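Plus 19 on top of the position in the sequence shown (first one is 1) and you've got our numbering.
Okay, structure first, notes after.
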Amino acid sequence: MIVFVPAYDLSTKANLTIAKLITTSDCITIFETKATRTELIAALSESNSFPLFAMSHGVREALKGQKGEIALSDKDANLLNKRTVYAFACHTAVQLGKAAADAGSIWWGYSDIISCAIDAPTVTEIFTQIFTFILDNFPTAMSPMQIQTMLETLRQMCEKAADQVDLIDFETEFYDIAEVQMTLLHIWDRLRIWIPGVEDPERHPYGSSPSLPWP
C-alpha cells in the first residue's frame, strides 16, 4: 500500500494525524514534505500495482500534494497502472476519477467539497476506526456488489460514530461537533467509485447528488 499525505495546513495536518495511526510497517509512506509529485510518481513506478491511499486536497482534475502543488492529474491516469486508488480529497471523483477508470483503474474519490477530519483527542479514535476500515477494505472491493456492501458498512459505521459524537458533545460540549458530524456524513455520502467500463460511478443508494454537475 502506498499512503500519500501532505501536511501544510490545518486540514492536511489533521489528515496526517489519522494516517500515522492507521499505517503499518509494510506501507510505503509519503508524508509531509515528501508528499510531492516527484515522490508519488516514483513510488507508482517502483511499486507495480500496490493500491494508493491518499488524504489531501483535490480539484476536479487533480490530487494535490505538499503546499497545494499538483501531485497527480487526469493526464497521469496511465501512470496508475490499473491500480485501485482511494483519495480522501474534494472533487477527485469527477474528472480525475473518470480518467483513472478509463485507463483501467478503480478510483474511490469524492463528488464535491468534503469536510476534513478533526485533529482532536476526543474524536481521533473515531476517525481512526473509520479510515482503518477504508484502508483495509477498498483494495478488494472491486465489483459493484462488493463496493455496495462496503459502502453500506461504511455508512453504518459513520452513523454509529455520529451518535458517539453526540454523546461526547453532551458530556463535554465539544466545540467542533458540527464539523465532525459533517465529515462523518461526507465520508460515505459523497463517496463515488469509478470502475472501468461504466458511464456513472457507484455510490450509496442514499448518497446525495453533487452540487457541481458531472462534465
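All residues carry an ideal CB built from backbone N, CA and C; glycine is no exception.
Computed from a predicted structure; not experimentally measured.
Put simply, the backbone Cα of methionine 20 is about 12 Å away from that of alanine 38.
The DSSP-derived three-state label of threonine 57 is helix. Lysine 101 carries a coil assignment under DSSP once its states are collapsed to helix, strand and coil. Taking threonine 147 as the centre and dropping the five residues before and after it, the same chain places the C-beta of Ile37, Leu40, Ile41 closer than 7 Å to its C-beta, in chain order. Listed in chain order, the beta strand (DSSP E) runs fully inside the region 70 to 101 are 71 to 74, 81 to 83, 89 to 92, counting runs of at least 3 residues.
Taking the CA atoms as reference points, alanine 160 sits about 5 Å from isoleucine 166. A Cβ-Cβ separation of about 6 Å places alanine 119 in contact with valine 104 under the 8 Å criterion. Within the same chain, Ser68, Phe69, Pro70, Leu71, Ser124 come within 7 Å of arginine 102 by CB-CB distance, once the 5 residues on both sides are set aside.
For the pair lysine 83 and serine 75, the CB atoms are nearer than the 8 Å cut-off. The Cβ atoms of arginine 211 and serine 130 lie closer than 8 Å to each other.
If you draw a straight line from the Cα of threonine 202 to the Cα of asparagine 100, it comes to about 31 Å.
Annotation note: the region 181 to 230 contains the following uninterrupted beta strand (DSSP E) runs of length 3 or greater, listed N- to C-terminal: 210 to 213. Within the model, the alpha-carbon separation for isoleucine 187 versus alanine 112 is close to 32 Å. Apart from sequence neighbours up to five positions away, the residues of its chain that approach alanine 136 with a beta-carbon distance below 7 Å are Ala33, Asn34, Ile37, Phe146, Thr202, ordered along the chain. The beta carbons of glycine 77 and alanine 96 sit no closer together than 8 Å. For glutamine 85, the number of other beta carbons within 10 angstroms of its own is at least 16, and it is reported as buried.
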